[in-house]
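Data first, discussion second: the structure below is written as structure tokens.
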Amino acid sequence: MMTWETNENILVQGIDTPLAQYYVPRMLAYGTQIVAGVSAGKGGVTVHELPVFDLVMTANSELGDITTSLIFVDRFAVLDAAFEAIAAGIKQLIIVSAGVPPLDMVRLFCKAKRQKVRILGPGSSGLIVPGKLWLGTGFVNHFQAGDVALLSRFSSLSQEAAILLNKEGLGQSCVIDVGNADLPGSNFAQWLSILDADPKTKAIALLGRYSSQEEIELIPIIRDDIATPVVTYLCGNHAPLHQSCHDAGTIIANQLSYCLSETYSETEMAAAFKREKLMFARTLEDVPLLLKKAIAPAKSRSRRKSKTAVN
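To convert, note that position 162 of the sequence shown is 240 in our numbering; the numbers rise steadily by one, no gaps.
See the structure below:
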């Protein structure tokens, strides 16, 4: 099973921010076991009937081992918040905050790698196991339990895809938003490997974007290393090349540190996937049709290797 399915002892850093104030009660109502919040200077108060601590370390020592921290703090405070969580021994971080400075992400990524901490985000709407676990933002009512994993950069695109999948009777085993930052804590390749080992996932819908080097680099990984069928759909085919398609905050943050060099056209990217005989959807409506074909009992499809559980 996926390690991120752990639904116990979940912490919210920045629980007093407006975004957390909106989503925490909704996650609680969904069944997510949030046990406390952290906000410097607000220790001792209660928010949505949850105790608030000044420090992550205090929450961890009083409530038992925290499994996951959801980080909602200001983007310039993300590095400190994440470092504090890692120092407290937390191994799973979901960074909802977008527009984290690239150099902060470099420092965080290096530390997380040394400490074996898994990070989802920044700018991520989180992770959802329909009917069981909601860690993040967005609208979960569109998701239904099933055996197709949605791996995406965009929350709204996941929701739109889920609606189409539901109409075809294809529920979701989990929904993961890697976020839209160019320096993510975890990327598509890492999540494809995790999902490939998840016995509840029979197929994966990979929802990326055109003009992205990362999506091009996934081709040999999907071809050679992933046994689970993957259907890829890339959005943004009408966007001009050499133009970033992130949210405004991320565009500004990224352009401080690098020049855009992604130059793949729609035709080039589609041809690259097709050349390797990988399932590529020209439209979002094609995704459920290709998925149904991929997971049909078959005669038609033989998996390259058996799936084994991570844990």
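Glycine is no exception: its CB is placed at the ideal position from the N, C-alpha and C atoms.
Remember, it's a predicted structure, so these values are computed and weren't measured experimentally.
Under a 10 Å Cβ-count criterion, residue 184 is classified as exposed, with fewer than 16 other Cβ atoms of the shown protein chains found around its own Cβ. Using a C-beta cut-off of 8 Å, the segment 166–179 makes contact with the segment 258–273, since at least three inter-stretch Cβ pairs fall below that distance.
Judged by beta-carbon spacing, residue 139 lies beyond the 7 Å limit of residue 91, meaning their Cβ atoms are not closer than that value. The beta carbons of residue 285 and residue 198 sit about 15 Å from each other, so the pair does not count as a contact at 8 Å. Contact between residue 117 and residue 134 fails: their C-beta atoms lie close to 11 Å from each other, not under 8 Å. Of all C-beta pairs linking the segment 290–300 to the segment 242–258, fewer than three are shorter than 8 Å, placing the two stretches out of contact. Judged by DSSP in its simplified three-state form, residue 342 adopts coil rather than helix or strand. The three-state secondary structure of residue 359, taken from DSSP, is strand. The beta carbons of residue 87 and residue 144 sit closer together than 7 Å. For a cut-off of 8 Å, the C-beta gap from residue 239 to residue 365 is around 6 Å, short enough to register as a contact. A direct Cα-Cα distance of roughly 24 Å separates residue 156 from residue 234. Linking residue 345 to residue 310 through their CA atoms gives a straight-line distance of about 14 Å. Counting along the chain, the unbroken beta strand (DSSP E) around residue 129 starts and ends at 128–131. Boundaries of the beta strand (DSSP E) harbouring residue 255: 250–255, taken from the DSSP string.
DSSP places residue 297 within a helical segment (H, G or I) once states are collapsed to three. A buried status is given to residue 182, since no fewer than 16 other beta-carbon atoms sit within 10 Å of its beta-carbon.
DSSP places residue 111 outside both helix and strand once states are collapsed to three, so it counts as coil. Secondary structure note for residue 213: its beta strand (DSSP E) is the uninterrupted segment 211–214. Residue state for residue 100 is assigned as helix, using DSSP reduced to three classes. An exposed status is given to residue 349, since fewer than 16 other beta-carbon atoms sit within 10 Å of its beta-carbon. Taking residue 132 as the centre and dropping the five residues before and after it, the same chain places the C-beta of 118, 121 closer than 6 Å to its C-beta, in chain order. The distance from the Cβ of residue 306 to that of residue 281 is about 6 Å, consistent with a contact at the 8 Å cut-off. With a threshold of 16 other beta carbon atoms within 10 Å, residue 255 meets it and is buried.
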